[in-house]
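Contents: one structure, followed by commentary.
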Amino acid sequence: REWAVSVVLAFGELQQIVDVECLPCAHGQRLVHEWKPNDITNGSWWCEDCPAGTYILPSSSNDPTRTCLPCPPGGTCELGRFVPKDEASEWVVDLELGVQR
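Just so you know, we're using my numbering here: the sequence shown kicks off at 1309 and counts up by one.
So, in C-alpha coordinates, the structure goes:
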(Lines of atoms letter the chains of each structure in order from A and count residues from 1; the text may use other names and numbers.)
(Lines give C-alpha, C1' and ligand atoms only; values in the text may rest on other atoms or scores of the structure.)
Protein backbone atom coordinates (compact mmCIF):
# COMPACT_ATOMS: atom_id res chain seq x y z
CA ARG A 1 0.00 0.00 0.00
CA GLU A 2 1.21 3.49 -0.72
CA TRP A 3 0.57 6.33 1.65
CA ALA A 4 1.43 9.99 1.91
CA VAL A 5 2.37 12.29 4.76
CA SER A 6 3.00 15.98 5.17
CA VAL A 7 6.31 16.99 6.70
CA VAL A 8 7.08 20.37 8.22
CA LEU A 9 10.61 21.56 7.48
CA ALA A 10 11.86 24.37 9.70
CA PHE A 11 14.78 26.62 8.81
CA GLY A 12 15.03 29.19 11.56
CA GLU A 13 11.80 31.17 11.31
CA LEU A 14 10.89 29.80 7.90
CA GLN A 15 8.63 26.76 7.73
CA GLN A 16 7.71 24.75 4.66
CA ILE A 17 5.15 21.94 4.46
CA VAL A 18 6.19 19.23 2.02
CA ASP A 19 4.04 16.29 0.94
CA VAL A 20 6.00 13.05 0.87
CA GLU A 21 4.81 9.84 -0.81
CA CYS A 22 5.95 6.67 0.91
CA LEU A 23 6.30 3.65 -1.34
CA PRO A 24 5.51 0.14 -0.07
CA CYS A 25 8.29 -2.15 1.08
CA ALA A 26 9.57 -4.64 -1.47
CA HIS A 27 8.71 -8.34 -1.19
CA GLY A 28 11.06 -9.79 1.44
CA GLN A 29 11.23 -6.59 3.49
CA ARG A 30 9.31 -5.52 6.56
CA LEU A 31 8.21 -2.05 7.61
CA VAL A 32 9.93 -0.79 10.74
CA HIS A 33 8.48 2.06 12.80
CA GLU A 34 10.51 3.84 15.46
CA TRP A 35 8.44 6.18 17.59
CA LYS A 36 9.91 8.66 20.03
CA PRO A 37 7.89 10.43 22.73
CA ASN A 38 7.07 14.05 21.91
CA ASP A 39 8.05 13.53 18.26
CA ILE A 40 5.58 15.53 16.17
CA THR A 41 6.59 13.68 13.00
CA ASN A 42 5.07 10.40 14.29
CA GLY A 43 8.50 8.80 14.33
CA SER A 44 10.60 7.26 11.60
CA TRP A 45 9.56 4.60 9.09
CA TRP A 46 11.82 2.48 6.88
CA CYS A 47 11.99 -0.86 5.08
CA GLU A 48 14.36 -3.52 6.37
CA ASP A 49 15.39 -6.80 4.70
CA CYS A 50 14.38 -9.99 6.50
CA PRO A 51 17.40 -11.81 7.97
CA ALA A 52 18.74 -14.99 6.33
CA GLY A 53 16.57 -18.04 7.01
CA THR A 54 13.39 -15.99 7.49
CA TYR A 55 10.55 -14.73 5.30
CA ILE A 56 7.58 -12.38 5.41
CA LEU A 57 4.25 -12.73 3.64
CA PRO A 58 3.82 -10.09 0.91
CA SER A 59 0.51 -9.00 2.46
CA SER A 60 2.28 -8.36 5.80
CA SER A 61 5.39 -6.52 4.62
CA ASN A 62 3.87 -3.04 5.10
CA ASP A 63 2.38 -3.69 8.52
CA PRO A 64 4.82 -2.56 11.24
CA THR A 65 3.27 -5.06 13.70
CA ARG A 66 4.39 -8.01 11.53
CA THR A 67 7.85 -9.54 11.76
CA CYS A 68 9.93 -11.87 9.63
CA LEU A 69 9.14 -15.53 10.42
CA PRO A 70 11.52 -18.52 10.65
CA CYS A 71 11.59 -20.61 7.48
CA PRO A 72 9.35 -23.68 7.92
CA PRO A 73 10.62 -27.23 7.28
CA GLY A 74 10.14 -28.20 3.64
CA GLY A 75 10.86 -24.74 2.32
CA THR A 76 13.73 -22.43 1.58
CA CYS A 77 13.83 -18.77 2.49
CA GLU A 78 16.11 -16.42 0.63
CA LEU A 79 15.88 -12.64 0.47
CA GLY A 80 12.89 -12.77 2.82
CA ARG A 81 10.84 -14.92 0.45
CA PHE A 82 9.45 -18.39 1.08
CA VAL A 83 9.80 -21.02 -1.69
CA PRO A 84 8.59 -24.63 -1.22
CA LYS A 85 11.27 -27.27 -1.93
CA ASP A 86 8.64 -29.50 -3.55
CA GLU A 87 6.37 -27.54 -5.90
CA ALA A 88 3.76 -30.34 -5.71
CA SER A 89 3.25 -29.97 -1.96
CA GLU A 90 0.34 -27.95 -0.60
CA TRP A 91 0.86 -25.01 1.71
CA VAL A 92 -1.64 -22.90 3.63
CA VAL A 93 -1.07 -19.22 4.30
CA ASP A 94 -2.17 -17.94 7.71
CA LEU A 95 -1.53 -14.25 8.43
CA GLU A 96 -0.86 -14.97 12.11
CA LEU A 97 1.14 -18.20 11.80
CA GLY A 98 2.72 -17.84 8.35
CA VAL A 99 3.06 -20.61 5.79
CA GLN A 100 2.18 -24.16 6.91
CA ARG A 101 1.76 -27.57 5.32
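Heads up, the beta-carbon is just placed ideally off N, CA and C, and yes, glycines get one too.
According to DSSP, is Pro1372 part of a helix, a strand, or is it coil?
The residue labelled residue 1372 in the question sits at position 64 within the sequence shown. The answer is coil: DSSP assigns Pro1372 none of H, G, I, E or B.
So, at 8 Å on beta carbons, what are the nonlocal neighbours of Thr1375 in its own chain, with the 5 sequence-adjacent residues on each side left out?
For the purposes of this step, residue 1375 is identified with residue 67 of the sequence shown, where counting begins at 1. Answer for Thr1375: Arg1338 and Ile1364, listed in chain order.
Helix or strand or just coil, what does DSSP make of Pro1366?
As a first step, residue 1366 is located in the sequence shown; it is residue number 58 there, counting from the start. Correct three-state label for Pro1366: helix.
Alpha carbon of Pro1392 to alpha carbon of Cys1385, nearest angstrom
Taking the sequence shown and counting its residues from 1, one reaches residue 1392 at position 84. Taking the sequence shown and counting its residues from 1, one reaches residue 1385 at position 77. Looking at the two C-alpha atoms, the distance is approximately 9 Å.
Can the beta-carbon of Pro1380 be found less than 8 Å from the beta-carbon of Thr1362?
Locating residue 1380 in the sequence shown gives position 72, where the first residue counts as 1. Locating residue 1362 in the sequence shown gives position 54, where the first residue counts as 1. No, they are not a contact pair.
Per DSSP, cross-strand counterpart(s) of Glu1356:
As a first step, residue 1356 must be located in the sequence shown, where it is residue number 48. Paired residue(s): Arg1338.
Find out if the Cβ-Cβ distance for the pair Leu1403, Ser1369 is shorter than 8 Å.
On the sequence shown, residue 1403 is found 95 positions in, with the first residue counted as 1. On the sequence shown, residue 1369 is found 61 positions in, with the first residue counted as 1. No. Outside cutoff.
Let me make sure I understand the geometry here. Which of Thr1373, Leu1322 and His1335 has the alpha-carbon closest to that of Gly1388?
Along the sequence shown, one-based indexing puts residue 1388 at 80. Ranking Thr1373, Leu1322 and His1335 by Cα distance to Gly1388 puts His1335 first.
Backbone CA spacing between Trp1400 and Glu1329 [nearest angstrom]
Walking along the sequence shown from the start, residue 1400 turns up at place 92. Walking along the sequence shown from the start, residue 1329 turns up at place 21. A quick correction: the sequence has Val, not Trp, at residue 1400. The alpha-carbon atoms of Val1400 and Glu1329 are separated by roughly 34 Å.
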